Structure formats: C-alpha cells, structure tokens
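**Student:** Below you will find the structure I want to go over with you.
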Amino acid sequence: MKKILIYLICIFSYVSLFAQQDVTKFLGFPVDGSKSEFIKNLKTKGFTVTKRGDNEVLSGRFNGNDVNIYLSTENGKVSRVMVCDENELSESDIKIRFNRLCDQFCKNGKYLTLEDYTIPEDEDISYEMAVRNKRYEAIFYQLPDKNAMEDLQASILATIQSQYDSEELANASDELKIKIFADCASELLKAVENKPVWFMISEHFGRYYITMFYDNELNRAQGEDL
C-alpha cells in the first residue's frame, strides 16, 4: 500500500484537481474579477495605463523586457492577460528569446510542461512561418500553491482508499497500478487545462516579437451563447 501511495503523491506534485478555486495568476494576481480591479493591481507593479483607440493598454517591465499588456473579459470578468513585447527582434534573436523562455518555464517549479518546444538552431523560422504557415508556440500549465496541493493529496488519497481495501493496495497487480495512475492522471489533467500559460512568435514586416497569454479558461466563453 505504501508504494501505491508514494506513486500517487509523485503525481500530486505536478497537477491539481482544485482548478475551480485555484485559477491562473499573473504577477501573483488571479486572472479573475473586474477589469478595473485588475488594472489597479497591475499599477502597484509599476505599470502605466494609456489609451489606444478603444483599448486600455498597460505598459511596463515584465521578465526583463518592455511589454504592453492587454486584458480580455467575459461577462465582466478578466479571462485573459495578453503580454506583447514592445521591441521587435531579428530572426536569430527571436529564436534565442523563444528558446530561453522555454528553458525558464521548464525550470520554474510553478509550471507543468508536457513536451519540448525548443526550436533547432538550424531552423529557418521566417520560411516556415511565411511558406508553411507554421506557428511557433509553447504551452505550460500553472500548478497549485502549497495549500491547494495539500488539500489535493488528502482528497485523492481518501478517494483511492475508499475504492480499494488495504489488501488490494498492498498486493496490487501492475494492471491495477496502471489503472489507478491512469484514472488519477486523466482527472488531474482536466483540471490543470483550465490554467494554461502559453506564448508564441508573432511577425510584423519581417521583425518578430513574443506574445504571451495567461488564460483563465473557467472565465472564457463555454458556448453558452450558441
């Protein structure tokens, strides 16, 4: 039984079932609530607001770069934070920036990644984007904070123990272990999918910049207007 529980705890350290309460955060602020309140929060981080047409744009420094931030709302709640580089780069420089961001996210304990998005050094991204319409993007998922993780562990362990008795867990076959892990992973991944953070290379007249998105999928349209 101890081996089963240890394996489950290893899974818990990466994903969460508590996405309903544990939403995506940007600079420590939940991507939620009113737009005016979110702007107020970002101002405390040194961002300034300017008007560009009908849009309110926040400008400032983020992760060592000058950026412009745009907010999307759904039913009066913030659903997406879009972060665009202020300065455009050459093809070689944007490749370095993209790969560096991938490395930073992979090494950041707050995120889960499911694959390697690194761009090979010899890849011609201008050709791939212009001729093959290739999108260079990478997606990561925010993990829960410590308290949410502890609640998660207690909840899932209780569920497993209610489904299987001590003898079944102590003498679990490989098939049963795989089933338990698969069931847990399936439910857990459904939850973290509500907290994606992703970025892509954008092009503007032969120059390039990074666009990042912090999404709260729970606040985005779910087809209710169809």
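First residue of the sequence shown? That's 36 in this note's numbering, and the numbers climb one at a time after it. Even glycine gets a Cβ: it sits at the ideal position worked out from N, Cα and C. Note that the structure is a prediction, hence the values are computed from the model and not measured.
1) With H, G and I counted as helix, E and B as strand and the rest as coil, what does DSSP make of residue 51?
2) Would you say the stretch 159-175 touches the stretch 124-140, given that touching needs at least three Cβ pairs under 8 Å?
3) What are the partner residues of residue 92, as DSSP defines its beta bridges?
4) Since residue 132 is in the alpha helix (DSSP H), which residue starts that stretch and which ends it?
5) Got a sec? Which residues, its chain only, sit under 7 Å from residue 111 by beta carbon, not counting five neighbours each side?
6) Judging by CA-CA distance, which residue of 102, 144, 139, 135 is the nearest neighbour of residue 156?
7) For my contact list, residue 62 and residue 244 are in at a C-beta cut-off of 8 Å; report their separation, rounded to the angstrom.
8) DSSP on residue 180, reduced to helix/strand/coil?
9) In whole angstroms, what separates the C-alpha of residue 97 from that of residue 106?
10) Looking at the unbroken alpha helix (DSSP H) that takes in residue 73, where does it start and where does it end?
11) Could you give the first and the last residue of the continuous alpha helix (DSSP H) run that contains residue 160?
12) Which residue marks the beginning of the alpha helix (DSSP H) containing residue 204, and which one marks its end?
**Tutor:** Looking at the coordinates:
1) Here residue 51 corresponds to residue number 16 of the sequence shown, with the count starting at 1. Interpretation of residue 51 is limited by its pLDDT of 42, a score under 50 that renders its predicted location unreliable; the figure taken from the coordinates is listed afterwards. In this structure, residue 51 counts as coil in the three-state DSSP scheme.
2) Contact between the stretch 159-175 and the stretch 124-140 is present: 3 or more CB-CB pairs across the two stretches fall below 8 Å.
3) As a working note, residue 92 is residue 57 in the sequence shown. Per DSSP, 85.
4) Your numbering for residue 132 matches position 97 in the sequence shown. Where residue 132 is concerned, the enclosing alpha helix (DSSP H) stretches over 126-142.
5) Position 76 of the sequence shown holds residue 111. Excluding its 5 nearest sequence neighbours in each direction, residue 111 has C-beta neighbours in its own chain below 7 Å: 69, listed in chain order.
6) In the sequence shown, counting from the first residue as 1, residue 156 sits at position 121. Checked all of 102, 144, 139, 135; the closest Cα to residue 156 is 135.
7) As a first step, residue 62 must be located in the sequence shown, where it is residue number 27. As a first step, residue 244 must be located in the sequence shown, where it is residue number 209. Not really, about 20 Å apart at Cβ, beyond 8 Å.
8) Along the sequence shown, read from residue 1 onward, the residue named residue 180 stands at position 145. Here residue 180 sits in coil by DSSP.
9) What you label residue 97 is simply residue 62 of the sequence shown in a count that begins at 1. What you label residue 106 is simply residue 71 of the sequence shown in a count that begins at 1. Rounded to the nearest angstrom, the two C-alpha atoms are 15 Å apart.
10) On the sequence shown, position 38 is the one that residue 73 refers to. Segment 70-78, the alpha helix (DSSP H) holding residue 73.
11) Working through the sequence shown from its first residue, we reach residue 160 at position 125. Its alpha helix (DSSP H) spans residues 160-166.
12) As a first step, residue 204 is located in the sequence shown; it is residue number 169 there, counting from the start. 201-205 is the span of the alpha helix (DSSP H), which, as asked, contains residue 204.
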